[in-house]
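**Student:** In UniProt numbering, the protein residues as written are 1 to 237. We put the CB at the ideal spot given by N, CA and C, even for glycine. Got a structure for you, written out below as structure tokens; questions coming shortly.
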């Protein structure tokens, strides 16, 4: 059963049951200070118990708020942009003469930048069209995982699925525009990651941009190595 984010940290993931004990330091050795600090924690504990009881009785929420859709889409954008930053820090180590890859962790070389640029279409609308036509299964998997991690169960015919689809397409386009601008020399910071556990749990699903886009690197970078072009696609997207 998916739990609301507010109480998910109270659940043992292996057993699926609530933890027997929750420990939180009061950060003081003074008794009076400790007593004052304990009062709001006791109140919070009662609130968590009430929320857990309500979740067990009512089951997972059957609808999704517009603000939640926006938050999930924003997390998707942030994830893709952070992947771009990680790739730039690591580099590809592409040798244009041999088509070999040997990243040294020192960042992107000139060959890496050339390959990376070739992996992007010039038109963002073209990327969105590819997303709509060729990556429906991958997109649905990502959206399903995002909704599941948020502790929400939607009916298959719920109109919210279409809203989610459109929000994720816009999020993808926003990330592509930002990364393309970076390739043009602009300094664009990645959005701060959401601190919710639901966002963090999606890291395995959104490891690379290719998993959500289904991108195709162009063949102009290195005509002699199909394996090399495939490596560019895996790393860049």
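What is the DSSP secondary structure of residue 162, counted as helix, strand or coil?
**Tutor:** helix
**Student:** Pop quiz: residue 68 and residue 171 are said to be a contact at Cβ under 8 Å. What is the actual Cβ separation, rounded to whole angstroms?
**Tutor:** Actually they are not in contact, since the Cβ atoms of residue 68 and residue 171 sit about 14 Å apart, beyond 8 Å.
**Student:** Ignore the nearest five residues each way along the sequence and tell me which others in residue 52's own chain have a CB closer than 6 Å to its CB.
**Tutor:** Excluding residues within five positions, the ones whose Cβ falls inside 6 Å are 7.
**Student:** Just the Cα atoms here: how many angstroms apart are residue 86 and residue 177?
**Tutor:** 17 Å
**Student:** Tell me whether residue 141 sits in a helix, a strand or coil according to DSSP, three-state version.
**Tutor:** The answer is helix: DSSP assigns residue 141 an H, G or I state.
**Student:** Exposed or buried, what is residue 106 when buried is set at 16 or more other beta-carbons lying within 10 Å of its beta-carbon?
**Tutor:** The C-beta of residue 106 has fewer than 16 other C-beta atoms within 10 Å across all chains shown, which makes the residue exposed.
**Student:** For residue 108, which of 147, 88, 66, 118 has the nearest alpha-carbon?
**Tutor:** 88
**Student:** Quick test of your reading: residue 191 and residue 81, contact by CB under 8 Å. State the CB separation rounded to the nearest angstrom.
**Tutor:** Yes, residue 191 and residue 81 are in contact; Cβ-Cβ is about 7 Å, under 8 Å.
**Student:** Rounding to the nearest angstrom, what Cα-Cα distance links residue 143 and residue 56 in this structure?
**Tutor:** 25 Å
**Student:** Work out the CA separation of residue 10 and residue 17 for me, nearest whole Å.
**Tutor:** 9 Å
**Student:** Would you mind stating whether residue 168 and residue 65 have Cβ atoms separated by less than 8 Å?
**Tutor:** no
**Student:** Nearest-angstrom Cα distance between residue 146 and residue 166?
**Tutor:** 14 Å
**Student:** Do residue 79 and residue 183 count as a contact pair if the criterion is CB distance below 8 Å?
**Tutor:** no
**Student:** Excluding the 5 residues flanking residue 175 on each side, which residues of the same chain have their C-beta closer than 7 Å to its C-beta?
**Tutor:** 77, 80, 81
**Student:** Can you name, in chain order, every residue of its own chain whose Cβ lies under 7 Å from the Cβ of residue 26, other than the five neighbours on each side?
**Tutor:** 34, 37, 38
**Student:** Roughly how many whole angstroms lie between the Cα atoms of residue 158 and residue 164?
**Tutor:** 11 Å
**Student:** In terms of alpha-carbon separation, which member of 15, 42, 13 lies closest to residue 23?
**Tutor:** 42
**Student:** How is the alpha helix (DSSP H) around residue 48 delimited, first residue to last?
**Tutor:** Counted as a single uninterrupted DSSP element, the alpha helix (DSSP H) harbouring residue 48 occupies residues 31–58.
**Student:** Quick one, are the C-beta atoms of residue 84 and residue 179 less than 8 Å apart?
**Tutor:** yes
**Student:** Tell me, to the nearest whole angstrom, how far the beta carbon of residue 92 is from that of residue 112; I am working on the premise that it is less than 8 Å.
**Tutor:** 4 Å
**Student:** Going by Cα to Cα distance, which pick from 58, 49, 71 is closest to residue 21?
**Tutor:** It is 49 whose Cα lies nearest to the Cα of residue 21.
**Student:** Going by C-alpha to C-alpha distance, which of 140, 47, 141, 161 sits closest to residue 63?
**Tutor:** 161
**Student:** DSSP three-state call for residue 153: helix, strand or coil?
**Tutor:** coil
**Student:** Under a Cβ-count criterion, where at least 16 other Cβ atoms within 10 Å of its own Cβ denotes burial, should residue 139 be classed as buried or exposed?
**Tutor:** buried
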